[in-house]
Structure formats: C-alpha cells, structure tokens
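Residue numbers (the numbering used here): 1319 to 1610.
Glycine is no exception: its CB is placed at the ideal position from the N, C-alpha and C atoms.
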C-alpha cells in the first residue's frame, strides 16, 4: 500500500518547523522516527497533506542532567539511545527498564522517545511511564513555550494536549529518589507487540515495610494511561504484605473499565489488570526494601 499524496518539508531549525506548523495546522504531521506515522499513512489511516520531517534539526536530541538532579531528554532522542544510556540507568532506572519492552530493537533504533509519547497509543509503555514518573512535557509554538504535566498531557486515544502548531521539544524527569522501588510488566501476544494489559508500579517503604508513597499506572486498559488513585491511597501508611497487595489487586480490577477487542475481552483486561498490578507492586516492594 502507498500513502496518499503529500507535500514534504525538511526544516533545518526549530523556528522553520514551527512556521510550517503555524501555516498548515491540522493538515500537517511531524515525522520523527516514523515507526507509527509511516505505517498509518501507508494504510491510509492517516492522510496528512503536509509532512514536516524534523530529523535534520540539531538540538532536539540528547540526554542531560538537569540542575535539580533530574533528567532532560530531547524529544528526538532515539529509543535505543535511551535504552543504552548509563545516565538514564543511574538517574531513572524505571525508564531504563521500560525501554526493552518497546517493540523490537530495529524499531527502537529509529523510533524516538518524543514520537512515542506524542503518538499516545493507549497500549504503549512510554505514556504510562511518563505518568508514573510525573514527567513534564515541554511544548513550543511560534508564540510561546509551555510545560504540561504528564497526567494532563494524555487526553484520550491517540490524542494529547499538543496543539496543531506546537512541537514537543523535550521531556523533563524529576530527580530520582533511591528510596523508590519500581517495576514494569505487561502481557502481549508476542514479544514486541503492544500490551494487552500492562502495569507500572513505584513504591517507597520504611524499615517495617510500611508504604510511604505509591504510584500505580495501568496501560492497555483505557483510552489513555490509567493511574489508579484509589489503589495508591489504600497502600500509603499500610504494611505492604501480600494480603494487602491482593486487596489492592481487587481494587484495581474493580476500578478499571476497559473495552474489549479482537485481542482481549473487557473482562480479561479487568482481571489481568489486577494481577499485573499485584505482580509489579510485589517486585517494586522488594526493590524498595532492598534500598531501605
């Protein structure tokens, strides 16, 4: 299959790219890694009149330590670069652990971290990780720059808070605390497929394994990442024993309201969502205990 006809531009700087977005608005699509956009165009699921290729723009890729001890990752940074980065492994191990779940290494060689985030596929790993990490997304237009928290960035299926004239330039991750335990797991039909159900967990505990903080985000079970606040609230201030985590799993199952499709029924996703939450929380608890 072939894409519908389109005009192609390859700007050399951010200003030129933003001018093109301002001029063409909804008719334009940005080309980053192309691992989602090109297949959609070939299948005529996306038919932009204008494609703006931002691969030649210097300064949109790179990983750097922020002044607060966190990380700043350029939107055009290749997924494989993030996966192999010692800086990411040290300063955000959850993100480092999440990267191998993204497709296959051939895809990660070309795919960008910003492209996956902006694509906002509900079964993708990176949007859920961004919510769990409480990341900030930096958006630029010709007129302004704004910073959007991850929990406000993902609106619904394939839809984010990005306006048609805006470009995601960087992702800001807060400083990582060594007290966090973490885990990410998913169930998919084949290695490299999108998740039918996935879970991202982060917990902090004291010496008695009492939970001081918790974050729990499910993906593949809604139109965007689902942060289960009721489950988080149930854990804080309580000892994270297996009985409590089983109760939390039941809370998650009750809270989820997924849709069924050809890959999995809604009932399956609800039940497995609870199971995946329990498993990731158990692993996150162990890491937190080891760190305390």
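Could you tell me whether the Cβ atoms of residue i and residue j are closer together than 7 Å?
i	j	result
residue 1319	residue 1356	no
residue 1416	residue 1478	no
residue 1473	residue 1543	no
residue 1580	residue 1549	no
residue 1563	residue 1539	no
residue 1613	residue 1509	The structure shown does not extend to residue 1613, since the chain is modelled only from 1319 through 1610, so no value can be given for it.
residue 1442	residue 1453	no
residue 1372	residue 1335	yes
residue 1602	residue 1500	yes
residue 1582	residue 1514	yes
residue 1332	residue 1346	no
residue 1409	residue 1426	no
residue 1389	residue 1491	yes
residue 1393	residue 1432	yes
residue 1571	residue 1460	no
How many whole angstroms separate the CB atoms of residue i and residue j, which I take to be in contact at a CB cut-off of 8 Å?
i	j	result
residue 1375	residue 1323	Contact flag wrong, Cβ pair sits at about 25 Å.
residue 1430	residue 1480	The pair is not a contact, with the Cβ atoms about 15 Å apart (cut-off 8 Å).
residue 1552	residue 1526	Wrong, their Cβ atoms sit about 17 Å apart, outside the cutoff.
residue 1412	residue 1436	So it is not a contact: roughly 20 Å between Cβ atoms.
residue 1456	residue 1488	5 Å
Please report the straight-line C-alpha distance between residue i and residue j, rounded to a whole angstrom.
i	j	result
residue 1591	residue 1506	13 Å
residue 1363	residue 1321	9 Å
residue 1596	residue 1566	7 Å
residue 1546	residue 1609	25 Å
residue 1605	residue 1325	51 Å
residue 1342	residue 1378	21 Å
residue 1445	residue 1401	16 Å
residue 1440	residue 1475	6 Å
residue 1348	residue 1528	46 Å
residue 1465	residue 1532	24 Å
residue 1598	residue 1424	27 Å
residue 1498	residue 1463	31 Å
residue 1350	residue 1359	14 Å
residue 1370	residue 1537	29 Å
residue 1607	residue 1382	29 Å
residue 1524	residue 1511	37 Å
residue 1594	residue 1338	43 Å
residue 1554	residue 1422	36 Å
residue 1366	residue 1496	45 Å
residue 1327	residue 1387	37 Å
residue 1577	residue 1589	13 Å
residue 1534	residue 1458	30 Å
residue 1502	residue 1380	24 Å
residue 1504	residue 1344	34 Å
residue 1418	residue 1586	25 Å
Per DSSP, residue i forms a beta bridge with which residues?
i	result
residue 1323	Per DSSP, none; premise fails for residue 1323.
residue 1303	The structure shown has nothing for residue 1303, since the chain only spans 1319 to 1610.
residue 1588	None; residue 1588 has no bridge partner.
residue 1380	Per DSSP, none; premise fails for residue 1380.
residue 1467	1454
residue 1557	1528
residue 1598	In the DSSP output, where bridge partners are listed per residue, residue 1598 has none listed.
residue 1516	1504 and 1537
residue 1485	1458
residue 1474	1477
residue 1392	1488
residue 1298	Since the first and last residues shown for the chain are 1319 and 1610, residue 1298 lies out of range.
residue 1402	DSSP output for residue 1402 lists no bridge partner at all.
Does the stretch 1476–1487 come within contact of the stretch 1509–1525, defined as at least 3 CB pairs closer than 8 Å? These segments do not touch.
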